[in-house]
Structures are given as structure tokens and as C-alpha cells.
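Here's the structure we're looking at; comments come further down.
Residue numbers (full-length UniProt numbering): 1 to 121.
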């Protein structure tokens, strides 16, 4: 039995959702990330995108994340990407030099603390 390239688990909270992604996000799977992230954003104003179990994040994946960040801004929501500082996703997002900054946090707990302190736009 082969494992899927990506796996998604959505954990809803009272005012947020955590979307946990496991696997590799490349140009052939980025559309799956977009689908799940868009659905989470439709249901919750604040989405924490947990990439701590992502081994590889391509430019296509970064594009999906930046698009989701714009989508959050347009709807008055918030998107926070959770990725350890020494991880591949964190390095890829940081090195991409995106025009629109992506909110990064090193853990879900830290992201939740930040979300509680910062009011939504």
C-alpha cells in the first residue's frame, strides 16, 4: 500500500482552524493544498497552516500560501503558517522573498497565543 504524497487533517477550534499537512508539496500536489486551505478559510476566519510535518515545499506551494494570505486579507481573516525555523518549508518561504509577507510561527501554541493577542483586521 502506497502512502499519499500529502495528507491533511483539519482541527477546528472555537475561533480558528488548524490545518495539519503531512508530506511533500510540489507542483503536482499544490492544488490539493489549495483545495484544503481554501475550504478551511471558508469555514474559519483564522487558519493556522501547520507545515511542521512537511518535508518539501516547492515554489508552487509557496504560491498557494501567498494566495491564501491575500484571500485572508480580503475577507478580514488571518493566515499563520507554522513551520520550525530550521525546516524546509520555513527556509523556502523565507528565501522566496514574496511581495506579500507571510506570517510565520514556530509552533501551533505560539501561533494561537499570537492570534489571541492580535485582533483581526
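Just so you know, even glycine gets a beta-carbon here, dropped at the ideal spot from N, CA and C.
Stretch-stretch touch, CB-based, cutoff 8 Å, three pairs: the region 16-28 with the region 45-63: yes
Exposure of residue 120, with buried meaning 16 or more beta-carbon neighbours within 10 Å: In this prediction, residue 120 scores a pLDDT of 44, lower than 50, which makes its location untrustworthy; no coordinate-derived value is stated.
Supposed contact pair residue 37 and residue 145 - C-beta distance, whole angstroms, cut 8 Å: Residue 145 is absent from the model: the chain starts at 1 and stops at 121.
Proximity of residue 76 and residue 44 at Cβ, strictly below 9 Å: no
Proximity to residue 105 [Cα-Cα], best of 115, 7, 67: 115
Segment limits, alpha helix (DSSP H) that includes residue 74: 59-75
Nonlocal neighbours in the same chain, by C-beta distance under 7 Å from residue 92, ignoring five residues either side: 57, 62
Which of helix, strand or coil DSSP assigns to residue 34: helix
Opening and closing residue of the beta strand (DSSP E) in which residue 78 lies: 78-82
Of the listed residues 17, 55, 33, 70, nearest to residue 87 (C-alpha basis): 55
Start-to-end residues for the beta strand (DSSP E) that takes in residue 5: Run containing residue 5: none; DSSP gives neither H nor E here.
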